[in-house]
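Asks: This is the structure I want to talk about, given as structure tokens.
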Amino acid sequence: MADRKTWMLRTAAFAVCAGSVAVPVTQASVVRPTPVMEQRTIVLNGEPTQAKPYTFSQNGVVYMPLWYVMNVLQQLGFLNTWKQGVWNVTVPMSIPADTSPDTESAGNAAIALNGAVVQRLQGIAATDPASGKLTMFFPVANIEQLMARLGIVATWDGTTLSLDTSALPTPLAADQIGIWNLLVAVDQAFGVAPDTSGTSPYADLSTNSPAWGYVHASIEKGIYQPISSNQAGVFAPLTVAMADQVLWNAYGISSDDAAYQPGGSPVAWASAVGLVPSPWKSTDFLTPQELATVVSNVHNNLEGFVETGKSSWQICYPIGDEATASFAGDSRNGQPFFPSNASVQSAVGQTYQFFDSLQVVKQGHSYVLVVPNPPTGTGFCYITTFGNVTYEISGQSKWTNAFVLDTRDVQWAKGHTLLVLIPSSGLTITWNQMLPLFSGTVVLGELQLSAGAQGLQVQRMNINSSTTS
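Residue numbers (mature numbering (1 follows the signal peptide of the UniProt record, and there is no 0)): -28 to -1, 1 to 441.
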């Protein structure tokens, strides 16, 4: 269970001075006449604090001085400021928070998390009897809502504001992020909706935590495996190895099919397919910047390309479970096309290398596929479209039309590239391998490529290996 002591606000440590500086009033309505003030109490985790804020009611709404709440959050480790009508709370990267904006809210003041406004409200300026100064008062209901966004359960019973921080995890070092951070990013990338239903069975993950919905969904989808039946473990620092495993699971790859994936294991696979940079060590903790790199790589892979310039793109071969997408049925008369793990790894590695080498450039109003290197060995590329394929070798300025383009029939020297016009109907590109023992060829990968008013579109077509004579 995460250590809650970090978040405990000791009564002795929370001494509120009656003469403390009040929150300056900016762009707020001033209540007139002076309202009836009543002194209330703030209780933290069942222990009364020395904070005794004065509250008042107006039009059925209870208002509390913002300064007292800001002080509580400051003691809990949340840096927060009041400036130009915005109460901004800085949330550590490793602490989950609900940052979804309330687009229907309105008012003269705002609440922001990490600089982004999440809610607007009507604040009122009034004199705080404790300090004798004009200060900002917020509706208690809005304070409760802000606390819920942080995973703090706030309850107002009319006289006491009770705060329960048991759902807060211990914050990590500034250069570390939690496993839950990746789960949220992966769920969002793959379109997995958070599931906030039910009650958490994990002692270290409360249903009140803003991370619960995404973690719950990740567990249900098999993206993440809790460390035990009653410990989720998602607030631990994220290692490269754990990131590799989560990504492997997110792409729906089974451990039984490891031999068919590039690299043959989650760690080697994540590097081979370009999700995780190869220099990273599996035992290293990811930094926030490194998490951003991984998430960007995932998005590029799902998109099928990355923009490298104003009019240029690099293809990113979309990842699939190659056991079912490429190698299912890879035999004839009981004899496998690829009889060893080494031959499988060679075949799948060449497939990814070929597709990942492809580029697209825009020349005037035309999009052009660039094949930089001529295939070698037994591998070859096959390009088709509706009608003729139009291509040329760079530097020749001579376009050729062909019913199909088979790279076994086209030669280009080192330093030159094969250029193929992308028509409005798009291109179908396959990577194939010759099988001399079977007197045929096998298709190992296929992309549908199109470009037009909506920009570049890349779609992987999963194929079960089949031979052609």
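Here a beta-carbon is modelled for each residue, glycine too, at the ideal position from N, C-alpha and C.
Remember, it's a predicted structure, so these values are computed and weren't measured experimentally.
1. Is the stretch 335 to 353 close to the stretch 385 to 402, with three or more CB pairs under 8 Å?
2. Please state whether DSSP places V270 in a helix, a strand or coil.
3. What's the C-alpha gap between L210 and L135?
4. Cβ atoms of N86 and V58: under 8 Å apart, would you say?
5. So is residue 458 buried or exposed if we call it buried at 16+ other beta carbons inside 10 Å?
6. Counting C-beta neighbours from all protein chains within 10 Å, is the total for L409 16 or more, i.e. buried, or is it exposed?
7. Take M119 as the anchor and find which of Q203, D70, Q22 has the nearest alpha-carbon.
8. Check each candidate in I151, N202, A175 and name the one with the smallest Cα separation from Y186.
9. Quick check on Q(-2): does DSSP put it in helix, strand or coil?
10. Residue range of the beta strand (DSSP E) that G417 falls in?
11. Please name the residue in A113, V112, N114, I96 whose C-alpha comes closest to that of L106.
12. What would DSSP say about Y223, mapped onto helix, strand or coil?
13. Looking at W241 and V212, is the spacing between their C-beta atoms short of 8 Å?
14. Pop quiz: P7 and A102 are said to be a contact at Cβ under 8 Å. What is the actual Cβ separation, rounded to whole angstroms?
15. How many angstroms separate the CA atom of D378 from the CA atom of T350?
16. Per DSSP, which residues does R92 bridge with? Please list them.
17. Can you tell me whether V(-8) is helix, strand or coil according to DSSP?
18. So is D381 buried or exposed if we call it buried at 16+ other beta carbons inside 10 Å?
19. Can you name the residues that DSSP bridges to Q335?
20. Once DSSP output is grouped into helix, strand and coil, what is the label at L155?
21. Identify the continuous beta strand (DSSP E) that holds residue 513 and give its terminal residues.
22. From which residue to which residue does the beta strand (DSSP E) around R432 run?
Replies: Reading it off the structure:
1. Flag = yes, the stretch 335 to 353 and the stretch 385 to 402 touch.
2. Judged by DSSP in its simplified three-state form, V270 adopts helix.
3. Their backbone Cα atoms lie some 29 Å apart in a straight line.
4. Taking 8 Å as the Cβ cut-off, V58 and N86 do not qualify as a contacting pair.
5. Residue 458 lies beyond the residue range present for the chain, which begins at -28 and ends at 441; the question has no answer from this structure.
6. Counting Cβ neighbours within 10 Å, L409 comes out exposed, since fewer than 16 surround it.
7. Restricting attention to Q203, D70, Q22, the CA atom closest to the CA of M119 is found in D70.
8. Comparing Cα-Cα distances from Y186 to each of I151, N202, A175, the minimum goes to I151.
9. With a pLDDT of 48 at Q(-2), under the threshold of 50, the modelled position of this residue cannot be trusted; read the value that follows with caution. DSSP places Q(-2) in coil when its eight states are reduced to three.
10. G417: member of the beta strand (DSSP E) spanning 412 to 424, first to last residue.
11. Nearest option by C-alpha distance: I96.
12. In this structure, DSSP gives Y223 a state outside helix and strand, which the three-state scheme calls coil.
13. No.
14. Not confirmed; about 15 Å, so no contact.
15. So the two alpha carbons sit approximately 13 Å from each other.
16. Residue pairing for R92: DSSP places it in a beta bridge opposite A82.
17. Any answer about V(-8) is weak, because its pLDDT of 45 lies below 50 and its placement is not dependable; what the coordinates show is given next. Reduced to three states, the DSSP call for V(-8) is coil.
18. Label assigned to D381: exposed.
19. Within the DSSP secondary-structure output, Q335 pairs in a beta bridge with S338.
20. Here L155 sits in helix by DSSP.
21. Because residue 513 is not part of the residues shown, which for the chain are -28 to 441, the question remains open.
22. Looking at the DSSP string, the run of the beta strand (DSSP E) that includes R432 is 427 to 432.
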